[in-house]
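Numbering (this note's numbering), first residue to last: 743 to 922.
See the structure below:
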């Protein structure tokens, strides 16, 4: 079983719980169904990068070495990569603007790690996991299928991912202006 945290909470249950909570909150704030669907998807996928065996080993204290994220992606960076590669560009129920918002949520739900050599594009994340990418994508799809048994999550496919997407820049930090 995959875990979300050191309390051994099931990853699939955590993802669905977060997706459900943000969906209920957004129902009070948002009248746009497409945006509401995107919020649910972002909540359900925010930690999908935790399917990574390295993350699971560190979480379960099975790793023998002291792990550092200087060159290895964090789970939120992996969540962004997996979503970007699994996102079916032909799926139009969630528009491109809302897909961009989902990416922003996946990447920025934790602070950006401080590294000597900053990751600036998906390629930086991809190059560190390319040997395990097929396995990560397969695990992510299994998790998405399990999530879909609670509530359908559409528009994500393992079969059609495009590696050209790895040249995408990472989402920029959103600066908010006072009063807006």
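Ideal Cβ placement from N, Cα and C applies to all residues, glycine included.
Just so it is clear, the structure is predicted and the values come from calculations on it, not from any experiment.
Contact between residue 846 and residue 913 is confirmed by a C-beta separation of about 4 Å, below the 8 Å threshold. Ranked by Cα distance from residue 791, the first of 831, 803, 767 and 819 is 819.
Taking the Cα positions, residue 754 is about 17 Å away from residue 877. Bridge partners of residue 911 according to DSSP: 863. The Cβ atoms of residue 796 and residue 814 lie closer than 8 Å to each other. Within its own chain, the residues whose Cβ lies closer than 8 Å to the Cβ of residue 889, once the five positions on either side in sequence are excluded, are 754, 757, 758, 761, 786 and 895, listed in chain order. Between residue 769 and residue 778 a beta carbon distance of about 7 Å is seen, short of the 8 Å cut, so the two are scored as contacting. The C-beta of residue 837 has fewer than 16 other C-beta atoms within 10 Å across all chains shown, which makes the residue exposed.
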